[in-house]
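Below is one structure, written out as structure tokens; the observations come after it.
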Amino acid sequence: MKIILIGIQGAGKSTQGKLLSEKLYIPYLSTGHIFRELAKEHTPQGRYIKETMNAGYLIPDAKTLEIVSEYLHRPEYVKGYILDGFPRTSHQAEKFENGVDHVFYLKVSDREALWRLSYRTGSEADGREDETLSAIRKRIELFHHHTEPVIEFYRKHHKLVEVDGEESIEKIHHTIMEHIHSDKNVTHKQ
Ligand code: AMP
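Okay, so the sequence shown: first residue is 0 according to numbering that gives the first Met the number 0, each after it adds one.
Here is the structure:
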């Protein structure tokens with residue numbers, strides 16, 4: 000099963016992604032995490048990625064598509080995955096050829112996301128250096144500009160399920176699981 004989680008930074012994508020991964024035995028993959036690893040490399044590419052991320056900007060589509068495609072061809076992702084942070088632009092969504100079964104949009108207000116991020120610590124922050132207020136604000140702005148069209152893209156393709164991301168972690172997880180199961184039943188009946 001191939002699942003995509005979309006939401007503003009702080010919406011709870013990684014929390015939900017990891018829960019789903021445990022429940023469904025499907026690997027969880029976050030592009031932000033991949034880029035944070037690449038940013039540690041002392042290479043021109045590593046330095047470029049680090050500077051881009053720390054400023055809150057997006058990595059160019061071509062590079063992102065190349066890296067994501069390389070990962071998803073690895074044996075552990077062949078049967079399915081839970082993707083967090085990709086696709087983030089219409090171009091990425093249009094060029095993404097791996098296919099997707101469900102797209103969950105965890106919807107939270109900018110205000111709630113900012114509030115949550117200012118209290119994020121330790122493992123939740125994934126050792127992030129890019130959580131400065133100006134980088135967070137930039138990412139929120141870019142989400143509205145670049146990622147809202149991705150939401151519309153999947154809505155048009157009847158893949159999108161909008162979930163209230165301001166509910167409790169358990170309630171959101173339950174809503175997502177219910178949707179996955181009800182969709183399976185529909186498919187079986189056909
Ligand atoms: P995240 O952990 O999802 O907030 O991602 C952290 C940073 O990684 C973003 O601010 C971007 O610089 C970069 N990034 C992650 N995913 C993508 C993507 N799909 N396209 C472009 N840049 C990305």
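Note that CB positions come from ideal geometry on N, CA and C, so glycine has one too. What you are looking at is a predicted structure, and each value in this text was computed from that prediction instead of being measured.
Would DSSP call residue i helix, strand or coil?
{"i": "S108", "result": "coil"}
{"i": "Y205", "result": "Nothing can be reported for residue 205: it is not among the residues displayed for the chain, which extend from 0 to 189."}
{"i": "D182", "result": "helix"}
{"i": "V149", "result": "helix"}
{"i": "D100", "result": "coil"}
{"i": "I2", "result": "strand"}
{"i": "F118", "result": "Residue 118 is actually Tyr in this sequence, not Phe. Three-state DSSP puts Y118 in coil, outside helix and strand."}
{"i": "I81", "result": "strand"}
{"i": "E161", "result": "strand"}
{"i": "T174", "result": "helix"}
{"i": "E169", "result": "helix"}
Enumerate in chain order the residues of its own chain whose CB-to-CB distance from residue i is below 6 Å, with the five nearest sequence positions on each side excluded.
{"i": "L82", "result": "I3, L28"}
{"i": "G196", "result": "Because the chain is modelled from 0 through 189, residue 196 falls outside the range shown and cannot be assessed."}
Flag this pair as yes or no: are the beta carbons of residue i and residue j separated by less than 9 Å?
{"i": "I33", "j": "V67", "result": "yes"}
{"i": "G55", "j": "A134", "result": "yes"}
{"i": "A92", "j": "Y24", "result": "no"}
{"i": "I168", "j": "Q15", "result": "yes"}
{"i": "K49", "j": "E128", "result": "yes"}
{"i": "I175", "j": "I5", "result": "no"}
Leaving out the 5 sequence neighbours to the left and right, which residues in its chain are closer than 8 Å to residue i when beta-carbon positions are compared?
{"i": "G45", "result": "L37, A38, K39"}
Taking 7 Å as the limit between beta carbons, can you name the residues of its chain near residue i, skipping five residues before and five after?
{"i": "K94", "result": "L64"}
{"i": "E165", "result": "V107, E111"}
query = Do the segment 33 to 50 and the segment 102 to 117 meet, that is, are 3 or more Cβ pairs less than 8 Å apart?
reply = no
task = Flag this pair as touching only if the segment 86 to 101 and the segment 139 to 151 have three or more C-beta atom pairs under 8 Å; answer yes or no.
result = yes
request  = Report the residue ranges of all alpha helix (DSSP H) runs contained in full by the segment 9 to 63; include only those spanning at least 4 residues, in chain order.
outcome  = 12 to 23, 30 to 37, 43 to 53
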